[in-house]
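Chemist:
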Amino acid sequence: MNDAFYVASGIAVLSTALAITRANGVHALLYLVISLLAVALVFYTLGAAFAAALEVIVYAGAIIVLMVFLVMMLNLGGAAAARETQWMKPRVWIGPAILGIVLEAEIVSILARGDAGVPSLAVILPRDVGIAMFGPYLLCVELASMLLLAALAGAYRLAYLERAEG
Amino acid sequence: MSPELFAALPFLALSVTAVAVMLLIAVRRDHRLIAAITLAGLLLALIATGATAPPAPVTLTPMFQVDGFTSFFLALIIAVCIAVVLLSYTYLNQMDDGGPVEEYYLLLLLATLGAAALLASMHFASFFLGLETLSIALIGLIAYPVKRARAIEAGLKYLVLAGVSSAFLLFGIALIYLDFGTMSFTALGRIWDTNPPHGDIYALAGFAMLLTGIGFKLSLVPFHMWAPDIYEGAPAPVTGYVAVVSKVAVFALLLRYFALIGGYRFPSLLWAISLLAILSMLAGNLLALLQDNIKRIFAYSSIAHFGYVLVALLAGTPIALQAASYYLTAYAVTTIGAFGVITLLSRPGIGHDADRLESYRGLMWSHPWLAGALTVLLLSLAGLPPTMGFVAEIYVIASGVGMQLLLPLAALIAGSVIGLYYYLRILAVLLSPAPSLASPPATPKTSPTGGAMLGVLVILLFALGIYPAPLISAIQHATAGLARSRAIYLAEDNTAVTQSPGMPRSPGYDQ
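Line by line, the protein sequences are chains A and B. Taken in order, the first sequence gives residues 0 to 165; the numbers are from numbering that gives the first Met the number 0. Taken in order, the second sequence gives residues 0 to 510; the numbers are from numbering that gives the first Met the number 0.
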């Protein structure tokens, strides 16, 4: 199982390095998706299956896909279609695709072997997460809701200029 | 009512007010009404803080603890927030860029809630969440005048730098958690009591990263680069808020953290802090000499002031804890007053604040009351009698002398002397004859509430400078709990006081 951990964390480091060195936003985001998926796999091998699932659903699933759509849709215009064709060249997607296939192979091999997590580590179930969040961390959860409210109010105000002139 | 609920009242008052303001904005946008509700909520929170100041520490989940120390600083930041609301009301009315103004109060309340959470934190998780709530709300406040390019630039800079410093903090916290398996301050202190982490590379790296993150928030040299730009770009009332609330809350947390984990037993940590303090005092004051913008001058002066308070943190005696608390109070009163004067002189409609030093020429003749108030505030910042600034500086110097911190003290005195020059330079500009313009600029209409608030601040500055006893006794009461946890290490330490004069003593665990 240690091999799975090292492969996944290696992919995470590699794809993050590639993400921050890409000049094009969309290319960087493709690597970022791979990086987040690899981190999810790292969580899984460490026995935090619930955190892994959340990482895939929230980060790789919702946030990054939103960002990819946003970046692709912001630059609408005459040259947009041509640029999009250029983005679809194999040279662009082959790197993330290979890394994704390696991750996929890793998951398949884990499932085939049928063991989850490093044997010596306790597996954290959603139940444990829930008990911690609504036990000792209760007030922190409440505070986090206020944090999100602050972010929302700030974003609403900053977006006002666009709306007024658009 | 259970003691836990009773102790949580100030926090509940702030949260309920924030939610009420949010809901009201959705129903009806009325600037005056929202401001009044915000003010009422803050006053309630202030009263609750005074009424619920617990005689013994009350623990709210393992994350938070409300005690005398929390209550004292909570009262201070809520009072500052009230002052900012009073200043902002007229400012926002005059700014009038067509955008909504009501969210400003929501952000202000949430930032104050984040700062309040910092003051009660006993755990890295609550510390980080409180800090993020404060920072995220501040980004919105700094960039609030969205049509000013400078404000947007300042907001973006704060966003990026707050993100970087949070990354440092998180990495430091993670390293310490990796090594010791807990994020609670008291538990860490207990672990290190029995098993001091000597030459432990994780603990050392963790401390260095934590210190970097906190250095960013307190804008200590060499992590100070953001401060002048953000002070200049943010609207004046928000600048006052950033300069006071976020820094005071983080410093109060640093005092508590240091006392609980027993930071005084780590010579490397004390060396690093003395270095930051000396650099901040010297560089802050020297760079302030080069500025022609009054907001930038105050930014550099605030960098230097936090170098001064760090000297009290280094000394660490019960007297030094009181000195630090008194200094922070004096700093809060003075700084919010100084930015109050800038706010009252600004005409927000024209796109920038009255921040060029040139625009203060002859102010003593055109606005004698405002200029008089600014003079008193400058004297206090320079540490001259009979103001709070003087008492604060003497207090800090006395605590430093007691622990023989020769190098930081030398830097403090050199810094104060340099500081005198640029404070008096502003004073000279105020007193110089007014420029004889063909068309003198229209004098802004000064809001009566802002003027009255400034009057109260100036009276406080004199009253607590001449007769500081009531404040000092309140501070003694507030810091008694922290001093007790500190006393344990002092007792072990008495033998080592005389070694290595001029630098922090090496506590008993030194090799």
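Every residue gets a Cβ at the ideal spot worked out from N, C-alpha and C, and that includes glycine.
Quick check: does the Cβ of A111 (chain A) come within less than 6 angstroms of any heavy atom belonging to the ligand NAD?
Modeler: The ligand NAD is not among the ligands present in this structure, which contains no ligands whatsoever.
Chemist: A353 (chain B) and S345 (chain B) look like a contact to me (Cβ under 8 angstroms); what is the Cβ gap, rounded to whole Å?
Modeler: About 5 angstroms; that satisfies the 8 angstroms criterion.
Chemist: With DSSP as the reference, label L489 (chain B) as helix, strand or coil.
Modeler: Summary for L489 (chain B): the model assigns pLDDT 48, below 50, so the residue's position carries little reliability; its value from the coordinates is reported in the next sentence. Here L489 (chain B) sits in helix by DSSP.
Chemist: For the alpha helix (DSSP H) that contains F63 (chain B), what are its first and last residues?
Modeler: Note, F63 (chain B): premise wrong, no alpha helix (DSSP H); beta strand (DSSP E) at F63 to V65.
Chemist: Is L73 (chain B) near P2 (chain B), with beta carbons less than 7 angstroms apart?
Modeler: The answer is no: Cβ separation not under 7 angstroms.
Chemist: Below 8 angstroms, how does it come out for the region 24 to 35 of chain B and the region 202 to 214 of chain B: are there three or more Cβ pairs, yes or no?
Modeler: The region 24 to 35 of chain B is not in contact with the region 202 to 214 of chain B.
Chemist: Using the rule of at least 16 other Cβ atoms within 10 Å of the residue's Cβ for burial, across every protein chain shown, is K294 (chain B) buried or exposed?
Modeler: Under this definition K294 (chain B) is a buried residue.
Chemist: Between L138 (chain A) and chain B, is there a C-beta pair that is closer than 7 angstroms?
Modeler: Yes, contact with chain B.
Chemist: Would you say L45 (chain A) faces chain B, with C-beta separation under 7 angstroms as the test?
Modeler: Answer no: the Cβ-Cβ gap between L45 (chain A) and chain B never drops below 7 angstroms.
Chemist: Could you say which of B:Y325, B:I175 and B:L155 lies nearest to I260 (chain B) if we only look at CA atoms?
Modeler: Checking every option, the nearest Cα to that of I260 (chain B) belongs to B:I175.
Chemist: Quick one: which unbroken alpha helix (DSSP H) runs of 4-plus residues sit fully inside the region 218 to 267 of chain B? Chain order, please.
Modeler: If we require 4 residues or more, the alpha helix (DSSP H) runs fully inside the region 218 to 267 of chain B come out as 225 to 232, 235 to 240 and 246 to 260.
Chemist: Under 8 angstroms Cβ to Cβ from R355 (chain B), same chain only, skipping five residues before and after it: list those, please.
Modeler: Contacts found: D291, N292 and I293.
Chemist: Name the DSSP bridge partner or partners of T58 (chain B)?
Modeler: Paired residue(s): B:Q64.
Chemist: Please identify, using Cβ separations under 7 angstroms, the residues of the region 142 to 154 of chain B that lie next to chain A, in order along the chain.
Modeler: Within the region 142 to 154 of chain B, the qualifying residues are A142, Y143, V145 and K146.
Chemist: Leaving out five residues on either side along the sequence, give the residues of the same chain with a beta carbon under 8 angstroms from the beta carbon of A437 (chain B).
Modeler: Residue placement at A437 (chain B) cannot be trusted, given a pLDDT of 47 that sits under 50; the coordinates are not used to answer.
Chemist: Going by alpha carbons, who is nearest to P347 (chain B) out of B:Y240, B:A204, B:Q93 and B:L408?
Modeler: Checking every option, the nearest Cα to that of P347 (chain B) belongs to B:Q93.
Chemist: Tell me the start and end of each unbroken alpha helix (DSSP H) in the region 99 to 184 of chain B that is at least 4 residues and wholly inside, in chain order.
Modeler: Counting only runs of 4 or more, we get 102 to 119, 123 to 141 and 148 to 179.
Chemist: Counting Cβ pairs closer than 8 angstroms, one from the region 310 to 318 of chain B and one from the region 394 to 403 of chain B, do we hit at least three?
Modeler: The region 310 to 318 of chain B, when compared against the region 394 to 403 of chain B, does touch it at the 8 angstroms Cβ threshold.
Chemist: Can the beta-carbon of T342 (chain B) be found less than 7 angstroms from the beta-carbon of A235 (chain B)?
Modeler: Yes, they are a contact pair.
Chemist: Report the three-state DSSP secondary structure of R28 (chain B) (helix, strand or coil).
Modeler: If DSSP states are grouped into helix, strand and coil, R28 (chain B) belongs with coil.
Chemist: Between the alpha carbons of D492 (chain B) and Q321 (chain B), how many angstroms are there, rounded?
Modeler: Caution is warranted here: a pLDDT of 47 is assigned to D492 (chain B), below 50, making its placement in the model unreliable, and the coordinate value is therefore given only provisionally. The alpha-carbon atoms of D492 (chain B) and Q321 (chain B) are separated by roughly 20 angstroms.
Chemist: On the DSSP letters alone, give me the boundaries of the alpha helix (DSSP H) that Q321 (chain B) sits inside.
Modeler: Q321 (chain B) -> alpha helix (DSSP H) spans P317 to L344.
Chemist: F297 (chain B) lies in the alpha helix (DSSP H); which residues open and close that run?
Modeler: F297 (chain B) -> alpha helix (DSSP H) spans I293 to A314.
Chemist: Should K88 (chain A) go down as buried or exposed, given a rule of 16 or more other Cβ atoms within 10 Å for buried?
Modeler: Exposed, since its Cβ has fewer than 16 Cβ neighbours within 10 Å.
Chemist: Of all Cβ atoms in chain A, is any one closer than 7 angstroms to the Cβ of G180 (chain B)?
Modeler: It does not; no Cβ of chain A falls within 7 angstroms.
Chemist: Comparing C-alpha positions only, which one of A:S34, A:A59, A:V64 and A:V70 sits nearest to N23 (chain A)?
Modeler: Of A:S34, A:A59, A:V64 and A:V70, the residue nearest in Cα terms is A:V70.
Chemist: So that I know if they touch, is there some Cβ in chain B lying closer than 7 angstroms to that of M66 (chain A)?
Modeler: Chain B, which has no Cβ nearer than 7 angstroms to the Cβ of M66 (chain A), makes this no.
Chemist: Quick one: using the 10 Å Cβ neighbour count with 16 as the cut-off for buried, is D95 (chain B) buried or exposed?
Modeler: When all chains shown are included, D95 (chain B) counts as exposed.
Chemist: Going by CA-CA distance only, name the one from B:G97, B:T60 and B:G171 that's closest to L4 (chain B).
Modeler: Per the Cα distances, B:T60.
Chemist: Do G40 (chain B) and T16 (chain B) have their CB atoms nearer than 7 angstroms?
Modeler: Closer than 7 angstroms, so yes.
Chemist: Within 7 angstroms of any Cβ in chain B, is that where the Cβ of M145 (chain A) sits?
Modeler: Yes, M145 (chain A) lies at the interface with chain B (some Cβ there is under 7 angstroms from its Cβ).
Chemist: How many angstroms separate the CA atom of A37 (chain A) from the CA atom of L203 (chain B)?
Modeler: Going by the C-alpha atoms only, they are around 29 angstroms apart.
Chemist: Take A3 (chain A) and list the residues in its own chain whose beta-carbon comes closer than 7 angstroms to its own, dropping the five residues that flank it on each side.
Modeler: So the list reads T44, E105 and I109, once near-sequence residues are dropped.
Chemist: Is it buried or exposed, Y420 (chain B), if we count other Cβ atoms within 10 angstroms and call 16 or more buried?
Modeler: With fewer than 16 other Cβ atoms within 10 Å, it is exposed.
Chemist: Measure the beta-carbon distance from A479 (chain B) to G154 (chain B) and round it to whole angstroms, keeping in mind my assumption that it falls under 8 angstroms.
Modeler: No, A479 (chain B) and G154 (chain B) are not in contact; Cβ-Cβ is about 40 angstroms, not under 8 angstroms.
Chemist: Taking the straight line between their C-alpha atoms, what separation do you get for T334 (chain B) and L28 (chain A)?
Modeler: Those two C-alpha atoms are separated by around 44 angstroms.
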